[in-house]
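Q: One structure is given below, represented as structure tokens, and several questions about it will come after.
Number of protein chains: 2
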Amino acid sequence: MNPSGSPLLTDLYQFNMIQAYLDRDETGTAVFEFFSRKLPKRREFFMAAGLEQALDYLEDLRFSPEEIEWLAGTKRFRKNLLDYLRDFRFTGDVHAMPEGTAFFPDEPIFRVTAPLPQAQLIETRIVNLLHFQSLIASKAARMVLAAPGKLLLDFGLRSAHGAEAGLLAARASYIAGFAGTATVLAGMNFGIPIFGTMAHSFILAHDDEMQAFEDFARARPDSVILLIDTYDTEAGARKVVALAPKLKAEGITVRGVRIDSGDLIALSKSVRKILNGGGLPDAAIFVSGGVDEDVLLKIAKAGAPIDGFGIGTSLTTSSDAPALDCAYKLQEYGGTARRKRSPGKETWPGRKQVWRRYAPDGGLADDVLSIAGDKQEGEALIVPVMQGGKRLAPKPSLADIRAHAARELQRLPPELRKLEANAVYPVQPAEALTKLAAEVDSRSAK
Amino acid sequence: MNPSGSPLLTDLYQFNMIQAYLDRDETGTAVFEFFSRKLPKRREFFMAAGLEQALDYLEDLRFSPEEIEWLAGTKRFRKNLLDYLRDFRFTGDVHAMPEGTAFFPDEPIFRVTAPLPQAQLIETRIVNLLHFQSLIASKAARMVLAAPGKLLLDFGLRSAHGAEAGLLAARASYIAGFAGTATVLAGMNFGIPIFGTMAHSFILAHDDEMQAFEDFARARPDSVILLIDTYDTEAGARKVVALAPKLKAEGITVRGVRIDSGDLIALSKSVRKILNGGGLPDAAIFVSGGVDEDVLLKIAKAGAPIDGFGIGTSLTTSSDAPALDCAYKLQEYGGTARRKRSPGKETWPGRKQVWRRYAPDGGLADDVLSIAGDKQEGEALIVPVMQGGKRLAPKPSLADIRAHAARELQRLPPELRKLEANAVYPVQPAEALTKLAAEVDSRSAK
């Protein structure tokens with residue numbers, strides 16, 4: 032099962048609509064934009080991610096003979112649609128915010144300009160890809176801000192929602208500033224640094240905890256991190272201290288210990304004392320188990336001597352806000368701006384641009400949302416990335432994306448960097464955009 | 032990118048541990064069980080799902096030459112491990128609860144009996160697969176119970192966490208009693224009925240809402256469901272009424288309308304009146320947008336005339352509880368039962384069986400958790416499904432799994448069926464299991 036590239040990974044209604052468009056030759060140029068309507072409760076900003084996977088999808092999108100045959104077999108569609116799909120290629124343009132950019136509600140991060148049926152077909156998967164990675168990058172960025180100078184690692188493949196979620200969560204969190212992941216395939220596919228120690232099962236498979244430590248150290252002499260909480264954490268730390276000289280004599284250094292349960296603050300302090308007292312002041316303390324940004328902030332405040340964190344479920348499911356309120360909306364068709372007026376779901380019409388203005392110290396000051404082409408002061412964040420279905424530039428390296436994200440986090444306003452509840456970043460619509468919205472509404476008010 | 036079957040879709044620590052196991056020939060038989068430690072706040076029971084994907088994974092698991100080469104290139108592992116992986120096949124046994132079975136905390140739904148390195152390697156992906164589908168089936172089952180007799184549809188691919196999550200959420204919700212999905216690929220891959228209407232963009236792409244309705248009806252004459260909330264829902268309903276006779280004359284019947292925003296209860300009542308008054312008493316009303324089991328219960332209580340629901344984010348992300356507290360734990364190695372004693376993470380040791388007892392009316396009465404082989408009264412829920420790496424029976428049909436799930440929901444105790452907060456189903460450990468746990472603890476208490 033390889034669902035990730037199939038053009039059938041979309042909603043049935045897309046094909047219904049394309050049938051209708053083709054029947055009446057409604058294949059004019061449409062403009063859709065992807066954006067989020069509002070921040071979840073515990074988010075002060077978003078971080079854009081997923082663009083490269085979205086562009087890969089658009090470049091590679093085509094129907095296999097089996098897929099066309101299956102669609103034909105449903106007897107829902109006519110020949111003109113099936114013929115259209117058989118030769119389908121995405122030939123449109125894409126403008127987008129670079130991955131790693133901080134963004135805010137109503138600001139598009141992705142704009143498609145393409146024949147209407149094409150722009151419609153791709154909707155579901157484009158949302159699926161941009162939503163998920165932006166969700167995870169936004170969550171991971173909070174953790175990075177909550178634990179300055181600490182090593183943060185993605186340990187969340189098992190609780191991620193499926194294979195692709197695990198793999199792309201590793202990518203999105205690495206972009207946001209995590210140091211790496213436990214997911215081996217993310218190492219192979221994306222070159223993300225991989226990390227790993229041992230599980231409780233390793234200890235349990237031995238009759239003796241000390242023997243388990245010793246066996247592990249000999250098997251992985253270059254990365255001896257010992258899990259000490261299977262039975263009693265402090266007793267585990269004392270066994271590490273007792274074992275260390277014997278290993279040292281063989282040229283093996285204990286790099287650190289991991290604690291996966293209990294009161295992490297209290298245990299890290301007592302374990303630090305045991306390790307220091309036992310001649311292991313350089314052995315690091317890693318913790319895991321239920322860590323999120325609240326725990327990280329508490330640990331930072333308590334000054335707990337913890338060097339690194341393995342973070343699972345809270346990261347890869349974005350557990351406190353597992354979805355963003357996102358939309359991919361038709362903003363223009365046949366040269367005319369459009370918008371929906373469903374209560375609570377109004378959107379800004381037309382092709383848009385986001386202008387970011389900076390304070391003298393380089394920090395973010397405010398954003399202006401304008402009609403594309405209505406030049407404002409500041410930096411234009413939405414740039415062309417694909418033309419006629421082809422990328423305009425080679426893929427940026429993950430290292431470059433990550434460096435951009437780090438700069439973004441650094442220049443966020445202080446109240447956002449501190450994750451202060453109710454911190455609000457100012458985004459204003461430009462005058463011409465407000466006027467356009469009123470015009471569009473008066474036109475369709477019938 | 033096809034991550035779903037790769038053996039590298041696992042945590043690095045598995046390879047660390049396997050290296051140590053191979054170095055010391057610790058390849059004896061291990062028994063691991065997958066279970067959930069506790070119910071999230073708003074869950075009264077779980078529903079097992081994901082077994083068939085887990086068995087597919089085990090049957091197909093092997094390393095490609097590229098994967099071996101990449102692992103070798105990391106310089107983390109020695110030749111004995113790389114040789115072992117090159118020829119890797121899963122040769123173990125699996126016992127499991129059938130998909131669609133209701134289960135409760137501490138009850139294993141999946142047991143692996145295999146050489147220790149094999150059982151270790153598969154951990155991450157097995158958890159990833161069983162956790163996600165059980166999560167979604169458990170959530171979907173609540174919705175099914177909250178909306179008896181209503182048509183429930185999965186509309187959540189776009190907000191699902193990636194491709195596989197969307198596809199498997201369609202499967203898990205169908206098992207739990209949903210009528211189908213909007214995800215086309217779930218139709219092709221699993222034979223799940225697919226449903227779809229039109230999006231707001233279709234209306235917006237037309238200058239006139241009435242014209243949009245007419246075009247759509249002609250393009251999809253067999254399934255005319257019209258989306259009426261783009262501008263004004265009641266006005267939209269009146270347009271449908273005005274258009275229906277013209278379509279009727281062409282032999283096209285309006286099957287229904289969809290409302291995607293606003294006060295769904297009030298709007299469904301006023302729209303019902305408009306449709307009935309306009310000679311369309313048979314046109315169904317479908318709603319979508321922010322629907323979850325709370326909304327369904329409220330709608331049922333209000334007697335709102337809604338026939339079907341498209342449910343997205345709350346279903347495919349299980350938004351109120353996006354992860355279950357699951358574990359895959361070593362319960363036995365080398366013939367000896369084991370358990371971890373980390374605070375708050377104690378587990379029942381040994382191979383286990385779940386015995387379910389029924390009331391005279393056929394409803395669930397209580398469960399007993401025993402050591403496998405310690406025969407208790409009731410039905411043994413954990414059955415052999417794989418031996419020596421091969422399935423013991425052909426895959427059950429999705430229809431059969433779904434029918435089993437429906438029976439399970441029907442015979443849940445009434446307070447669980449009503450989703451009553453604090454409803455608790457009784458699960459008791461058998462005496463011999465309690466004794467075994469004490470024995471294991473006394474053995475490892477050093």
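Read top to bottom, the protein sequences are chains Z and V. First residue of the first sequence: 32, per the numbering used here; consecutive thereafter. First residue of the second sequence: 32, per the numbering used here; consecutive thereafter. For glycine and all other residues, C-beta sits at the position ideal for the given N, C-alpha and C.
Is A133(Z) closer than 8 Å to A331(Z) when the C-beta atoms are compared?
A: Working through the first sequence from its first residue, we reach residue 331(Z) at position 300. Working through the first sequence from its first residue, we reach residue 133(Z) at position 102. It is not a contact, given that the beta carbons lie outside the stated cut-off.
Q: For E446(Z), collect the residues of the same chain with a Cβ closer than 7 Å to its Cβ; drop the 5 residues on either side in sequence, then sort them by chain order.
A: To locate residue 446(Z), count along the first sequence from 1; it is residue 415. Same-chain partners within the cutoff: A454.
Q: Who are the Cβ neighbours of P415(Z) in its own chain at under 8 Å, not counting the five residues just before and after it?
A: Indexing the first sequence from 1 puts residue 415(Z) at position 384. The answer, listed in chain order, is D124, V125, H126, L423.
Q: Name the chain Z residues whose beta carbon is nearer than 7 Å to that of A354(V)?
A: For the purposes of this step, residue 354(V) is identified with residue 323 of the second sequence, where counting begins at 1. In chain order: S190, T344, T348, S350.
Q: Please classify R202(V) as buried or exposed, where buried requires at least 16 neighbouring CB atoms within 10 angstroms.
A: Looking up residue 202(V) in the second sequence gives position 171. When all chains shown are included, R202(V) counts as buried.
Q: Taking Cβ positions, are L274(V) and F244(V) nearer each other than 8 Å?
A: Start at 1 with the first residue of the second sequence, and residue 274(V) comes out as number 243. Start at 1 with the first residue of the second sequence, and residue 244(V) comes out as number 213. Contact: yes.
Q: Quick one: grab the DSSP three-state call for A51(Z).
A: The sequence position of residue 51(Z) within the first sequence is 20, counting from 1. In this structure, A51(Z) counts as helix in the three-state DSSP scheme.
Q: Taking F94(Z) as the query, report the chain V residues whose CB atoms sit under 7 Å from its CB, ordered along the chain.
A: One-based indexing of the first sequence puts residue 94(Z) at position 63. Correct list: empty, because the minimum Cβ distance to chain V is about 11 Å.
Q: Could you pull the start and end residues of the alpha helix (DSSP H) that I99(Z) belongs to?
A: As a first step, residue 99(Z) is located in the first sequence; it is residue number 68 there, counting from the start. It spans 96–104 - the alpha helix (DSSP H) in which I99(Z) sits, taken as one unbroken run.
Q: Consider the Cβ of R73(Z): report whether some Cβ of chain V lies at a distance smaller than 8 Å.
A: Taking the first residue of the first sequence as 1, we reach residue 73(Z) at position 42. With 8 Å as the cut-off, R73(Z) does not count as an interface residue toward chain V.
Q: For chain V, is any of its Cβ atoms less than 8 Å away from the one on R91(Z)?
A: Counted from its first residue, the first sequence places residue 91(Z) at position 60. Looking at the sequence provided, one finds Asp at residue 91(Z) rather than Arg. Not one chain V Cβ lies under 8 Å of D91(Z).
Q: Would you call the CB atoms of P38(V) and L92(V) closer than 8 Å?
A: Position 7 of the second sequence holds residue 38(V). Position 61 of the second sequence holds residue 92(V). A contact, by the Cβ cut-off of 8 Å.
Q: If you check the beta carbons only, do A352(Z) and P71(Z) fall under 8 Å apart?
A: Stepping through the first sequence from its first residue, residue 352(Z) is reached at position 321. Stepping through the first sequence from its first residue, residue 71(Z) is reached at position 40. Yes, Cβ-Cβ distance for A352(Z) and P71(Z) is below 8 Å.
Q: On the DSSP letters alone, give me the boundaries of the beta strand (DSSP E) that I316(V) sits inside.
A: Walking along the second sequence from the start, residue 316(V) turns up at place 285. Where I316(V) is concerned, the enclosing beta strand (DSSP E) stretches over 315–319.
Q: How about A352(Z): is its Cβ closer than 7 Å to a heavy atom in the ligand COA?
A: The model on display carries no ligand, and the ligand COA is accordingly not part of it.
Q: Would you say L355(V) and L82(V) are within 8 Å of each other, going by their C-beta atoms?
A: In the second sequence, counting from the first residue as 1, residue 355(V) sits at position 324. In the second sequence, counting from the first residue as 1, residue 82(V) sits at position 51. Their beta carbons are not under 8 Å apart, which means L355(V) does not touch L82(V) by this criterion.
Q: If I'm right that L184(Z) touches I342(Z) with Cβ under 8 Å, what's the distance once you round it to whole angstroms?
A: Residue numbering aside, residue 184(Z) sits at position 153 when the first sequence is read from its first letter. Residue numbering aside, residue 342(Z) sits at position 311 when the first sequence is read from its first letter. Yes, L184(Z) and I342(Z) are in contact; Cβ-Cβ is about 7 Å, under 8 Å.
Q: Beta-carbon separation of V158(V) and Y359(V) under 8 Å?
A: Position 127 of the second sequence holds residue 158(V). Position 328 of the second sequence holds residue 359(V). Yes, the Cβ-Cβ distance between V158(V) and Y359(V) is below 8 Å.
Q: In angstroms with no decimal places, state the Cα-to-Cα distance between K371(V) and K376(Z).
A: Along the second sequence, one-based indexing puts residue 371(V) at 340. Along the first sequence, one-based indexing puts residue 376(Z) at 345. Approximately 50 Å between the Cα atoms of the pair.
Q: Might you give, ordered along the chain, the residues of its own chain that have their beta carbon closer than 7 Å to the beta carbon of T344(Z), omitting 5 neighbours on each side?
A: If you number the first sequence from 1, residue 344(Z) lands on position 313. The answer, listed in chain order, is G187, S190, S350.
Q: My guess is that R156(V) and Y88(V) are in contact by the Cβ rule of under 8 Å, so how many angstroms apart are they, rounded?
A: Taking the second sequence and counting its residues from 1, one reaches residue 156(V) at position 125. Taking the second sequence and counting its residues from 1, one reaches residue 88(V) at position 57. Confirmed, Cβ separation roughly 6 Å.
Q: For V158(V), which residues in chain Z fall below 9 Å Cβ to Cβ?
A: Taking the first residue of the second sequence as position 1, residue 158(V) is located at position 127. Near V158(V) (Cβ distances below 9 Å), the residues of chain Z are L188, R189, S190.
Q: Rank G419(Z), K421(Z), D392(Z), W386(Z) by C-alpha distance to the C-alpha of D405(Z) and give the top, closest one.
A: Against the first sequence, residue 405(Z) aligns to sequence position 374. Considering only alpha carbons, the answer is W386(Z).
Q: Beta-carbon separation of I24(Z) and F76(Z) under 8 Å?
A: The shown model of chain Z, from 32 to 477, leaves out residue 24(Z), and the question about it has no answer.
Q: Does any CB atom of chain Z fall closer than 8 Å to the CB of S232(V)?
A: The count along the second sequence starts at 1 and reaches residue 232(V) at position 201. Closer than 8 Å to some Cβ of chain Z, the Cβ of S232(V) qualifies, so yes.
Q: Suppose you measure from the CA of G366(Z) to the CA of L43(Z); what does that come to, to the nearest Å?
A: Along the first sequence, one-based indexing puts residue 366(Z) at 335. Along the first sequence, one-based indexing puts residue 43(Z) at 12. Computed Cα separation, rounded: 27 Å.
Q: Below 8 Å between beta carbons is the criterion; list the residues of the stretch 37–51 of chain V that meet it against any residue of chain Z, in chain order.
A: Within the stretch 37–51 of chain V, the qualifying residues are S37, L39, L40, T41, D42, L43, Y44, Q45, F46, N47, M48, Q50, A51.
Q: Please confirm if Y389(V) has its CB atom under 8 Å from at least one CB of chain Z.
A: For the purposes of this step, residue 389(V) is taken as the residue at position 358 of the second sequence. Chain Z, which has no Cβ nearer than 8 Å to the Cβ of Y389(V), makes this no.
Q: I'd like to know if W379(V) contacts chain Z, where contact means its C-beta is closer than 8 Å to some C-beta of that chain.
A: Along the second sequence, read from residue 1 onward, the residue named residue 379(V) stands at position 348. So, not an interface residue.
Q: With a 10 Å radius around its C-beta and 16 neighbouring C-beta atoms as the bar for buried, classify T105(V) as buried or exposed.
A: In the second sequence, counting from the first residue as 1, residue 105(V) sits at position 74. The residue is exposed, with fewer than 16 neighbouring Cβ atoms inside 10 Å.
Q: Which residues, taken in chain order from the stretch 155–185 of chain V, show a beta carbon closer than 7 Å to some beta carbon of chain Z?
A: So the close ones are T155, V158, N159, H162, F163.
Q: Are the Cβ atoms of D398(Z) and V458(Z) separated by less than 8 Å?
A: As a first step, residue 398(Z) is located in the first sequence; it is residue number 367 there, counting from the start. As a first step, residue 458(Z) is located in the first sequence; it is residue number 427 there, counting from the start. Cβ atoms of D398(Z) and V458(Z): closer than 8 Å.
Q: Cβ of V399(V) less than 8 Å from any chain Z Cβ?
A: Position 368 of the second sequence, counted from the start, is the residue given in the question as residue 399(V). Taking Cβ atoms only, chain Z never reaches closer than 8 Å to V399(V), which makes this a no.
Q: Taking the Cβ atom as the reference point for each residue, do P336(Z) and Q362(Z) lie within a distance shorter than 8 Å?
A: What you label residue 336(Z) is simply residue 305 of the first sequence in a count that begins at 1. What you label residue 362(Z) is simply residue 331 of the first sequence in a count that begins at 1. Not closer than 8 Å, so no.
Q: By the DSSP assignment, the alpha helix (DSSP H) with M219(V) in it spans what residues?
A: Taking the second sequence and counting its residues from 1, one reaches residue 219(V) at position 188. Note, M219(V): alpha helix (DSSP H), 215–221.
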